[in-house]
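**Q**
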Amino acid sequence: MSSQEVLKSPQQQMLDVAATKEGGGKTRVLITGGAGFIGSHLLDYLMERGYDCIVCDNFFTGKKENVARWMGHPNFELIRHDIVEHLMVEVDQIYHLACPASPVHYQYNAIKTIKTNIIGTMNMCGLAKRTGARILLASTSEVYGDPDIHPQVEEYWGNVNCIGPRSCYDEGKRTAETLMMDYHRQNGVDIRIVRIFNTYGPRMVFHDGRVVSNFIVQALRNDNITIYGDGLQSRSFCYVADLVEGIYRLMNQTETTGPVNLGNPGEYTMKELAEKVLTCLPESASNMEYRPLPEDDPKRRRPDISKAKKYLKWEPTIPLDDGLAKTVADFAERAKRNPKELVCSHQKGAAKVPESAKPIAATGA
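See below:
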């Protein structure tokens, strides 16, 4: 046994062999939304550890370029599919990440968003029931709404407007969590639930309306950085590599079903974030521009990660300054390869919405 192996904790040794099923053979994994921002980083993590991976994506916000490095690999399969329709595959684990996660996308076709959260989750739970697979739901800190307590613990039920413009996502995820727990209690489905707080990193969509991507794109274009409200509302920002490690640990432990918060407890105001982005791009001519705060936008959000520390032995390790530097470099490189990425066809700062996302009249979609 090497000195490196001796130093590994029992939990880490367990995680190292999770890619191999009991009795031999590779663990076969389905990642819904696997061509998206977080999903593609999770795919990289699993493929590099020897898993047999199936990515299911309808390419609403996902991109084939995010998974291109694995095309042709014997352990990789890509299926273009919308999870509101049934999917018949044989798998051991399901990472259920499929759903647009930025307001500009999930609000564009709100009915489609809530169908993905409810019908899509029912379909994935049904698949887990049929195959005996363990299923992990990627839920969100949005289930806490505009919280009354800080930081947010998993036992907090939230303060959500169920009829607001964000509710298709907020309430959709709350219902998805309910479905997961009901399938667990009623049918014995092996579940895990993760509540993801603000995450950033390479491969974020340029015009997705999230604050990190908005600020970076505006700075690269030398447009003024748009800050809503007084700039003192705060968020915590977790680098995607840290998040993926936490998701993987939650899936492959047996002490809790969750929900478990995953995020960085470090809290930054929007003004501080804008200043950090401009520090990464000293050549930018951008200034800060203040606008009214959108409806139902929470003033503060910060995770309590005590459960993640207890059950997963996890906490984020990448400081915001380091993660932002990597993210800005990725945006700049992609913009250099394809300058059109910085050009938005709608009003300044708005997101480009794929044709596949647009509502179709009289279909109920």
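FYI, in the numbering used here the residues of the sequence shown are 16 to 380. Backbone N, C-alpha and C fix where the C-beta goes; we use that ideal spot for every residue, glycine too.
1) Between the segment 249-267 and the segment 148-161, are three or more C-beta pairs nearer than 8 Å?
2) Do you know how far the Cα of residue 236 is from the Cα of residue 323?
3) Which partner residues does residue 302 have in the DSSP bridge list?
4) When DSSP builds the beta bridges, which residues end up paired with residue 43?
5) Residue 374 by DSSP, collapsed to three states: which one?
6) Within the same chain, show all residues whose beta-carbon is closer than 7 Å to that of residue 104, passing over the 5 residues directly before and after it, in chain order.
7) Pair every Cβ in the segment 94-103 with every Cβ in the segment 129-146, then say whether three or more of these pairs are closer than 8 Å.
8) Measure the alpha-carbon distance for residue 162 versus residue 90 and round it to whole angstroms.
9) Helix, strand or coil for residue 164 per DSSP?
10) Figure out for me which residue from 118, 211, 332 has the closest Cα to the Cα of residue 316.
11) If you follow the alpha helix (DSSP H) that residue 60 is part of, which residue opens it and which one closes it?
12) So, helix, strand or coil for residue 101, using DSSP?
13) Expressed to the nearest angstrom, what Euclidean distance is found between the alpha-carbon atoms of residue 281 and residue 169?
14) Can you give the Cα-Cα distance for residue 193 and residue 298, rounded to whole angstroms?
15) Could you give the distance in angstroms between the alpha-carbon of residue 155 and the alpha-carbon of residue 301?
16) Under the three-state reduction of DSSP, which class applies to residue 197: helix, strand or coil?
17) Excluding the 5 residues flanking residue 33 on each side, which residues of the same chain have their C-beta closer than 6 Å to its C-beta?
18) Taking residue 47 as the reference, give the member of 253, 56, 350 with the closest Cα.
19) Between the C-alpha atoms of residue 261 and residue 270, what's the straight-line distance to the nearest angstrom?
20) State yes or no: is the C-beta of residue 112 within less than 8 Å of the C-beta of residue 54?
21) Looking only at its own chain, which residues have a Cβ that is under 6 Å from the Cβ of residue 221, when we skip the five neighbours before and after it?
22) Indicate whether residue 183 and residue 116 have their beta-carbon atoms separated by less than 8 Å.
23) Exposed or buried, what is residue 247 when buried is set at 16 or more other beta-carbons lying within 10 Å of its beta-carbon?
24) Return the chain-ordered list of same chain residues with a C-beta closer than 6 Å to the C-beta of residue 338, the five sequence neighbours on each side being excluded.
25) In three-state terms, what does DSSP make of residue 34?
26) Residue 171 lies in the beta strand (DSSP E); which residues open and close that run?
27) Around the Cβ of residue 120, are there at least 16 other Cβ atoms within 10 angstroms (buried) or fewer (exposed)?
28) Out of 310, 326, 288, 345, point me to the one whose CA is closest to residue 336's CA.
29) Assuming residue 294 is part of the alpha helix (DSSP H), what are its boundary residues?
30) Going by beta-carbon coordinates alone, are residue 206 and residue 303 separated by less than 8 Å?
**A** Let me spell this out:
1) yes
2) 38 Å
3) In the DSSP output, where bridge partners are listed per residue, residue 302 has none listed.
4) 67
5) Here the model assigns residue 374 a pLDDT of 36, short of 50, so the residue's position is not dependable, and the following value carries that caveat. In the structure shown, residue 374 sits in coil (DSSP, three-state: anything other than H, G, I, E or B).
6) 45, 69
7) yes
8) 42 Å
9) coil
10) 211
11) 52-62
12) coil
13) 18 Å
14) 48 Å
15) 31 Å
16) helix
17) 267
18) 56
19) 14 Å
20) yes
21) 232, 356
22) no
23) exposed
24) 254
25) coil
26) Residue 171 -> no beta strand (DSSP E), and no H or E assigned at all.
27) buried
28) 288
29) 285-295
30) no
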